[in-house]
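Asks: Position one of the sequence shown corresponds to residue 1 (the UniProt record's numbering), numbered consecutively onward.
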Amino acid sequence: MSRPDRGTPPFSGNGGGTVVRGAEGAIVVGVDGSGGAALAVRWAAAEAGARNLPLHLLFAAGWVGGGYGGGLPVPQSYFDDLDQAGKTLLAEAKRAAREVSPGVAVTSSMPFEPPVPPLVDASERARMLVLGATGRTGFAGRLAGATAVAVAARALCPVAIVRPRTDGLPIPANAPVVVGVDGSHVSDRAVAVAFEEASWRRVPLIAVHAFSDADAGLLLPEPDRGWGTLSQQQERLLAENLAGWREEYPEVQLEPVAVRDQPRAELLARSEAAQLLVVGSRGRGGVTGLLLGSTSQALIHHAQCPVLVVRAAAPAP
1 MSRPDRGTPP
11 FSGNGGGTVV
21 RGAEGAIVVG
31 VDGSGGAALA
41 VRWAAAEAGA
51 RNLPLHLLFA
61 AGWVGGGYGG
71 GLPVPQSYFD
81 DLDQAGKTLL
91 AEAKRAAREV
101 SPGVAVTSSM
111 PFEPPVPPLV
121 DASERARMLV
131 LGATGRTGFA
141 GRLAGATAVA
151 VAARALCPVA
161 IVRPRTDGLP
171 IPANAPVVVG
181 VDGSHVSDRA
191 VAVAFEEASW
201 RRVPLIAVHA
211 FSDADAGLLL
221 PEPDRGWGTL
231 SQQQERLLAE
241 NLAGWREEYP
251 EVQLEPVAVR
261 DQPRAELLAR
271 SEAAQLLVVG
281 SRGRGGVTGL
291 LLGSTSQALI
301 HHAQCPVLVV
311 RAAAPAP
């Protein structure tokens with residue numbers, strides 16, 4: 001394992017392919033005019049400003065068809081209205097971003113597609129994608145929760161899903177980063193990103209490994225089955241997963257937590273006091289699959305802080 005240069009933000013795309021113009025090296029945020037997307041724009045602008053990165057606003061003006069069915073021609077006025085609505089939304093988002101980070105470089109694009117393809121394309125060279133957890137319905141509502149989940153599952157760079165706290169309170173700047181650990185390849189990548197995030201933000205890191213009775217029944221020999229033995233084993237596994245990164249980031253205050261619980265419940269509870277929750281897009285299958293896609297989806301929909309979804313690095317050619 002190797003530590004990224006301190007001058008480089010802790011996330012990067014894989015490069016290559018067709019990308020949205022302006023996405024290269026940028027934080028890319030989806031815009032749709034909803035309250036969720038507006039929150040995502042402000043969060044992304046703050047991240048871009050703090051990291052001295054450009055910000056790219058993307059409104060996917062995909063046409064669903066509306067009431068023009070049965071082969072009826074679509075009037076040009078429909079496309080004109082859509083174009084104007086998109087330009088208005090992007091202008092409003094740009095103003096909001098500049099309010100948060102006045103010096104950030106802001107670009108925008110409006111591909112005439114449904115949202116998932118251009119966002120995934122942008123992820124090939126973007127540093128990070130940022131989406132609201134919920135979007136609008138109807139004409140301009142292209143970034144609803146299902147879209148965020150689809151993009152997070154396919155994107156080549158980390159995807160931050162931003163949602164407001166249910167109590168409406170701001171997240172303290174000194175709140176910790178929390179990462180879910182299950183020992184899978186994807187989880188290892190999430191741990192790497194989480195350490196760099198905690199170091200970058202200068203906050204503690206809480207590494208959470210949840211386990212259940214399935215582990216006791218299937219992973220331990222019959223004479224050794226029991227919560228005391230299982231807990232000790234899981235604590236050792238967690239320590240092994242963190243050992244190398246602990247050496248790479250000695251400045252990060254680390255709190256390893258091995259707990260008997262379902263990962264969804266434990267990570268949701270931890271999100272209430274965190275500023276960022278980092279998870280793999282999917283975990284290891286079978287009895288040790290603690291960060292499966294269903295868990296990540298639950299966190300996207302219910303966490304009390306932004307969720308950063310990380311995929312495994314692409315294999316070298």
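The beta-carbon is built from N, C-alpha and C at its ideal position, and this holds for glycine as well.
Would residue 88 be called buried (16 or more neighbouring beta carbons within 10 Å of its own) or exposed?
Replies: Here the question's residue 88 lines up with position 88 in the sequence shown. Residue 88 is exposed by the Cβ-count criterion.
Asks: At the level of alpha carbons, what is the spacing between residue 90 and residue 42?
Replies: Taking the first residue of the sequence shown as position 1, residue 90 is located at position 90. Taking the first residue of the sequence shown as position 1, residue 42 is located at position 42. Using only the alpha carbons, I get a separation of about 13 Å.
Asks: Count the other CB atoms, across all protein chains shown, that sit within 10 Å of the CB of residue 197; report buried if there are 16 or more and exposed otherwise.
Replies: Along the sequence shown, read from residue 1 onward, the residue named residue 197 stands at position 197. It counts as buried.
Asks: Please state the DSSP three-state secondary structure of residue 300.
Replies: Taking the sequence shown and counting its residues from 1, one reaches residue 300 at position 300. Helix, per DSSP.
Asks: What is the C-beta distance between residue 300 and residue 149, in whole angstroms, given that I count them as a contact (C-beta under 8 Å)?
Replies: Stepping through the sequence shown from its first residue, residue 300 is reached at position 300. Stepping through the sequence shown from its first residue, residue 149 is reached at position 149. About 6 Å separates the two Cβ atoms, so the contact holds.
Asks: Is any heavy atom of the ligand ZN found at a distance shorter than 7 Å from the C-beta of residue 89?
Replies: For the ligand ZN, the structure offers nothing, since it holds no ligand at all.
Asks: Reducing DSSP to helix, strand and coil, say where residue 242 ends up.
Replies: Taking the sequence shown and counting its residues from 1, one reaches residue 242 at position 242. The answer is helix: DSSP assigns residue 242 an H, G or I state.
Asks: With 16 as the cutoff for other CB atoms within 10 Å, does residue 223 come out buried or exposed?
Replies: One-based indexing of the sequence shown puts residue 223 at position 223. Any reading at residue 223 is ruled out, since the residue's pLDDT is 44, under 50, leaving its predicted position unreliable.
Asks: Looking at the secondary structure, which residues open and close the beta strand (DSSP E) in which residue 256 lies?
Replies: Locating residue 256 in the sequence shown gives position 256, where the first residue counts as 1. Segment 254-260, the beta strand (DSSP E) holding residue 256.
Asks: Report yes if the CB atom of residue 259 is closer than 8 Å to the CB atom of residue 210, and no otherwise.
Replies: Residue 259 sits at position 259 when you count from the first residue of the sequence shown. Residue 210 sits at position 210 when you count from the first residue of the sequence shown. Contact flag set, yes.
Asks: Helix, strand or coil for residue 181? Go by DSSP, reduced to three states.
Replies: For this step, residue 181 is matched to residue 181 along the sequence shown. In the structure shown, residue 181 sits in coil (DSSP, three-state: anything other than H, G, I, E or B).
Asks: Does the pairing of the stretch 112-128 with the stretch 21-40 give three or more beta-carbon distances under 8 Å?
Replies: As far as the Cβ criterion goes, the stretch 112-128 touches the stretch 21-40, which means the pair count is three or higher.
Asks: Hey, does residue 103 have any beta-carbon neighbour from chain B nearer than 8 Å?
Replies: This model lacks chain B altogether; it includes just one protein chain.
Asks: Anyone know if the C-beta pair for residue 303 and residue 189 falls short of 8 Å?
Replies: Stepping through the sequence shown from its first residue, residue 303 is reached at position 303. Stepping through the sequence shown from its first residue, residue 189 is reached at position 189. No, the Cβ-Cβ distance between residue 303 and residue 189 is not below 8 Å.
Asks: My output table needs one value for residue 109: the three-state DSSP class, helix, strand or coil.
Replies: Residue mapping note: residue 109 aligns to position 109 of the sequence shown, counting from 1. Of the three classes helix, strand and coil, the one that applies to residue 109 here is strand, per DSSP.
Asks: Are residue 166 and residue 115 close, meaning C-beta to C-beta below 8 Å?
Replies: Taking the first residue of the sequence shown as 1, we reach residue 166 at position 166. Taking the first residue of the sequence shown as 1, we reach residue 115 at position 115. No, the Cβ-Cβ distance between residue 166 and residue 115 is not below 8 Å.
Asks: Would residue 169 and residue 208 be called neighbours here (beta carbons separated by less than 8 Å)?
Replies: In the sequence shown, counting from the first residue as 1, residue 169 sits at position 169. In the sequence shown, counting from the first residue as 1, residue 208 sits at position 208. In this structure, residue 208 does not lie closer than 8 Å to residue 169 by Cβ.
Asks: Measuring straight from C-alpha to C-alpha, what distance separates residue 44 and residue 55?
Replies: Counting from one through the sequence shown, the residue named residue 44 turns up at place 44. Counting from one through the sequence shown, the residue named residue 55 turns up at place 55. Computed Cα separation, rounded: 7 Å.
Asks: Name the DSSP bridge partner or partners of residue 161?
Replies: For this step, residue 161 is matched to residue 161 along the sequence shown. Note: residue 161 sits in a beta bridge opposite 131 and 307.
Asks: Residues in the same chain with beta-carbon distance under 8 Å from residue 46, minus the five sequence neighbours each way, listed in chain order, please.
Replies: As a working note, residue 46 is residue 46 in the sequence shown. Result list for residue 46: 100 and 101, in chain order.
Asks: Going by C-alpha distance, which of 307, 191 and 201 is nearest residue 256?
Replies: Here the question's residue 256 lines up with position 256 in the sequence shown. Closest by alpha carbon: 191.
Asks: Could you give the C-beta distance for residue 205 and residue 177, rounded to a whole number, given that I count them as a contact under 8 Å?
Replies: One-based indexing of the sequence shown puts residue 205 at position 205. One-based indexing of the sequence shown puts residue 177 at position 177. Going by Cβ atoms, the distance from residue 205 to residue 177 rounds to 5 Å, so yes, they are a contact pair.
Asks: Could you tell me which of 264, 79 and 306 sits nearest to residue 113, measuring between CA atoms?
Replies: As a first step, residue 113 is located in the sequence shown; it is residue number 113 there, counting from the start. Residue 79 is the option with its Cα nearest to residue 113.
Asks: Note the first and the last residue of the continuous alpha helix (DSSP H) segment covering residue 86.
Replies: Translated into the one-based positions of the sequence shown, residue 86 becomes position 86. From DSSP, the alpha helix (DSSP H) with residue 86 extends over 76-100.
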